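Chains as they are written, first to last, in the numbering used here: chain E, 1143 to 1730; chain Z, 6 to 163.
Here the structure is laid out as structure tokens; the discussion comes afterwards.
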Ligand code: SF4
Ligand code: SF4
Ligand SMILES: [Cu+2]
């Protein structure tokens, strides 16, 4: 029976699907996908800088804004974070890792999503303020900035600092892949318990001599999280790891288990190299001599990074650079689907598993490796809220009423500066309004059940229930552009080749555009938004139910959030009925 | 499971090769110079748009087309493409009717969406050469909806 269940659970694993699975297991799978996207990026850069400056006629006007945006949200819906998996920024970045030491720890104060939230806000504003969609030249600059930033940041800092703490595209994917049907996950948890090497996080080493600039991780990274986690009943205990040591891996390993004092529940374990009997506690690189006991909300993987470079060995295969330790990884937050862990695990115990898209929102208050405890991550909640509201504000940016609003605002403020006016619109729409709405909902939710939880904690907890409705809106919007414009890439490529004197695809057929009949779009968009609402309500109820004793109390706690979710649904439905209008400047 | 040092070298060389190829590709393209530049051989003026102001729905654009020396272009086949500054929309491509004296009126043109339009005039001259020129037409009054319903209703209304 158990064997049967294992069998079945193994079947629902993308790695077991013929062809696709085989490809994904290939060690150059990711690199080859990245190489394809790098070539496409090169085309975008060239055309953006040197091609015709009319978006519909330019590769940089069409591919990023119509195809890329549409395809990534569809990929998130039917699979997972496929863009990060094939991310072209990662190739130059890997080069940077070779060229530069890349050994600095990411500054402690910045180990959160706050910086990325700032970058996202700037991006959403710049998109409208400078009409990025209308300028292939600016689009190319944005892409180039991305390459440069990933190269520079990861050339200086260790691990995947850019992905985890900076990249706005990554944050968009991390948040929305929480509702994706695939998750990189351990196949048989019991096997991890008996694993002594933890290659999935530590990486795999060969006997080859170590190169000069080996950037093996030696120090602790910790995500910003609740500072009082040690006081919350969590303890770290040491015990020798059972089982034989694999050959060629040097000294003995000590593993630590983080257990919850009250329940004895194991939240995660960490392993450390007992190298020549030195201190077993990770040493803070910035404050030598000061031993750091990682807070329980910190990731064990981070602690392992410190000790993961066996002397004289060379890293053959990275472990997770996002500091997600498979054994206690839960969900898709911060996972780039890079497959490093799959390549690294010597027991083939990591899979790309099918799951219920709502399963990630179960037990938000358990500790997750590399992420910590989500209900304590105010920064993650803020990221979620900004992205949810951005879905609506971004769509609002392309319907007629936005111009009336801009005009009115400009008159009221007495300014003719469009970026300034839009700055006000975005600060209100992405910061002020969401803040008022979620705090009101949180306050009402607490009042209705006379809850004792602090307001911030309630807001953080329930903010995750907003992800599906926000995702529904992103899907409706970007899906719309993709479905009515998918074929526009054909004439653009035809004209590209014609301009280079190689008209092998024929003359451009500019009339090509939609990929589905236009009459399908309205029902499809509404369906996506409705689905988003239903999943949001379901997730919201689950969250409430886990915290409240009875169904009645859960319903009451959920009520204000349900109102907010339904309000967002109607806002989205209203947006869809508004006349669409694409204008550059309207002021001055 | 057995990986040799050769695998290591291969893994590490992979991104480098890809990056180098991408850079070479961009350099090769840059060496070819810019593409799709306006030929600039025409002087196009939109002398009227009906209805005025331009609004989503059926419209007639009347254009005056001259060569660089200011002589009206006669006997040319003129195709007009209306598109937007936003990618991903189906352009409106129509033929024109010659009105004489270098003036041409579009046939069956329609603005499908509000916002900034770009009118591309493609002329096949009497001697068979083709030239094209772009003119901007900003601020067409909006009506089309994201769900596309209004397009049908505006048709029914007429
Ligand atoms: S998070 Fe990393 S992998 Fe994902 S898009 Fe950003 S740079 Fe690429
Ligand atoms: S190595 Fe980390 S980021 Fe990459 S797929 Fe595995 S868990 Fe995700
Ligand atoms: Cu849009």
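Ideal Cβ placement from N, Cα and C applies to all residues, glycine included.
What you are looking at is a predicted structure, and each value in this text was computed from that prediction instead of being measured.
Could you give the first and the last residue of the continuous beta strand (DSSP E) run that contains residue i?
i                      : result
residue 1584 (chain E) : First-last for residue 1584 (chain E): 1575–1591, but that is the alpha helix (DSSP H), not the beta strand (DSSP E).
residue 173 (chain Z)  : Past the edges of chain Z, shown from 6 to 163, lies residue 173 (chain Z), and the structure says nothing about it.
residue 53 (chain Z)   : 47–55
residue 142 (chain Z)  : 135–145
residue 83 (chain Z)   : 82–89
residue 1704 (chain E) : Where residue 1704 (chain E) is concerned, there is no enclosing beta strand (DSSP E), although the alpha helix (DSSP H) it sits in stretches over 1693–1719.
residue 100 (chain Z)  : 97–105
residue 1636 (chain E) : It is not in any beta strand (DSSP E) - residue 1636 (chain E) instead sits in the alpha helix (DSSP H) that spans 1631–1641.
residue 114 (chain Z)  : 114–116
residue 1507 (chain E) : From DSSP, residue 1507 (chain E) is part of no beta strand (DSSP E); its letter is neither H nor E.
residue 1684 (chain E) : No beta strand (DSSP E) holds residue 1684 (chain E); the alpha helix (DSSP H) holding it covers 1663–1689.
residue 1113 (chain E) : The question about residue 1113 (chain E) has no answer, for chain E in this structure spans 1143 to 1730.
residue 1456 (chain E) : 1456–1459
residue 64 (chain Z)   : 62–72
Identify the contact partners of residue i in chain E, using a Cβ-Cβ distance below 9 angstroms as the criterion.
i                     : result
residue 137 (chain Z) : The contacting residues do not exist; residue 137 (chain Z) stays about 11 angstroms from chain E at best.
residue 46 (chain Z)  : Going along chain E, no residue has its Cβ under 9 angstroms from residue 46 (chain Z), so there is no contact; the nearest lies around 16 angstroms.
residue 35 (chain Z)  : 1188, 1191, 1192
Give the C-beta separation of residue i and residue j to the nearest angstrom, bearing in mind that I take them to be a contact with Cβ-Cβ under 8 angstroms.
i                      : j                      : result
residue 1179 (chain E) : residue 1230 (chain E) : 4 angstroms
residue 1671 (chain E) : residue 1714 (chain E) : 5 angstroms
residue 1296 (chain E) : residue 1235 (chain E) : 5 angstroms
residue 1745 (chain E) : residue 1602 (chain E) : Since the first residue shown for chain E is 1143 and the last is 1730, residue 1745 (chain E) is missing from the structure and cannot be characterised.
residue 1515 (chain E) : residue 1677 (chain E) : Not a contact, Cβ separation roughly 23 angstroms.
residue 1584 (chain E) : residue 1675 (chain E) : Not a contact, Cβ separation roughly 20 angstroms.
residue 47 (chain Z)   : residue 126 (chain Z)  : 7 angstroms
residue 140 (chain Z)  : residue 124 (chain Z)  : 5 angstroms
residue 27 (chain Z)   : residue 1184 (chain E) : 4 angstroms
residue 68 (chain Z)   : residue 49 (chain Z)   : 6 angstroms
residue 1529 (chain E) : residue 1314 (chain E) : 6 angstroms
Output the boundary residues of the alpha helix (DSSP H) element that contains residue i.
i                      : result
residue 1290 (chain E) : 1278–1298
residue 1534 (chain E) : 1520–1538
residue 1734 (chain E) : Residue 1734 (chain E) lies beyond the residue range present for chain E, which begins at 1143 and ends at 1730; the question has no answer from this structure.
residue 1203 (chain E) : 1201–1204
residue 1492 (chain E) : That residue, residue 1492 (chain E), is in no alpha helix (DSSP H); its beta strand (DSSP E) goes 1492–1496.
residue 1239 (chain E) : 1232–1241
Kindly indicate which residue of the options has the alpha-carbon position closest to the one of residue i.
i                      : options                        : result
residue 1532 (chain E) : E:1318, E:1285, E:1487, E:1719 : E:1318
residue 1325 (chain E) : E:1613, E:1623, E:1682, E:1471 : E:1471
residue 133 (chain Z)  : Z:82, Z:28, Z:105, Z:68        : Z:82
residue 1259 (chain E) : E:1305, E:1161, E:1610         : E:1305
residue 1619 (chain E) : E:1691, E:1551, E:1535         : E:1535
residue 1725 (chain E) : E:1185, E:1527, E:1294, E:1540 : E:1540
residue 1345 (chain E) : E:1716, E:1481, E:1555, E:1696 : E:1481
residue 90 (chain Z)   : E:1207, E:1211, E:1239         : E:1207
residue 1492 (chain E) : E:1457, E:1475, E:1469         : E:1469
residue 1463 (chain E) : E:1455, E:1478, E:1456         : E:1478
residue 1294 (chain E) : E:1243, E:1282, E:1263, E:1265 : E:1243
residue 4 (chain Z)    : Z:33, Z:31, Z:113, Z:131       : Because chain Z here runs from 6 to 163, residue 4 (chain Z) falls outside it and cannot be looked at.
residue 39 (chain Z)   : E:1721, E:1665, E:1712, E:1639 : E:1639
residue 1460 (chain E) : E:1280, E:1636, E:1300         : E:1300
residue 1323 (chain E) : E:1177, E:1628, E:1495, E:1512 : E:1495
residue 1700 (chain E) : E:1719, E:1600, E:1668, E:1633 : E:1600
residue 1253 (chain E) : E:1340, E:1512, E:1266         : E:1512
residue 1223 (chain E) : E:1195, E:1320, E:1280         : E:1320
residue 1587 (chain E) : E:1557, E:1302, E:1490, E:1685 : E:1685
Kindly list, in the order they appear in chain Z, the residues whose Cβ is closer than 9 angstroms to that of residue i.
i                      : result
residue 1193 (chain E) : 39, 40, 41
residue 1269 (chain E) : Here the premise fails: no neighbours, minimum Cβ distance about 12 angstroms.
residue 1637 (chain E) : 40, 41
residue 1204 (chain E) : 92, 93
What in chain E is Cβ-close to residue i, meaning under 7 angstroms?
i                     : result
residue 88 (chain Z)  : 1198
residue 30 (chain Z)  : 1181, 1184
residue 59 (chain Z)  : Within 7 angstroms Cβ-Cβ: nothing; residue 59 (chain Z) doesn't reach chain E, min ~13 angstroms.
residue 105 (chain Z) : Correct list: empty, because the minimum Cβ distance to chain E is about 28 angstroms.
Which chain Z residues sit within Cβ distance under 7 angstroms of residue i?
i                      : result
residue 1652 (chain E) : 86, 96, 98
residue 1318 (chain E) : Near residue 1318 (chain E) there are no residues of chain Z at all, since even the closest Cβ is about 21 angstroms away, more than 7 angstroms.
residue 1641 (chain E) : 40, 41
residue 1208 (chain E) : 92, 93
Since residue i meets chain E, which of its residues come closer than 8 angstroms, beta carbon to beta carbon?
i                     : result
residue 121 (chain Z) : 1276, 1724, 1725, 1726
residue 133 (chain Z) : Within 8 angstroms Cβ-Cβ: nothing; residue 133 (chain Z) doesn't reach chain E, min ~15 angstroms.
Output yes if chain A places a C-beta closer than 7 angstroms to the C-beta of residue i; else output no.
i                    : result
residue 64 (chain Z) : The chain inventory of the structure shown lacks chain A, comprising the protein chains E and Z.
Practice problem: Mind listing which residues have their beta carbon within less than 6 angstroms of any non-hydrogen atom of ligand 2? Chain order is fine. | Solution: A Cβ closer than 6 angstroms to some heavy atom of ligand 2 marks a residue here, and those residues are E:1326, E:1462, E:1464, E:1466, E:1471, E:1477, E:1478, E:1479, E:1480, E:1481, E:1482, E:1483.
Quiz item: Can you pull every residue whose C-beta falls closer than 6 angstroms to some heavy atom of ligand 3, listed in chain order?
Solution: Sorted by chain position, residues whose beta-carbon lies closer than 6 angstroms to a non-hydrogen atom of ligand 3 are E:1540, E:1619, E:1623.
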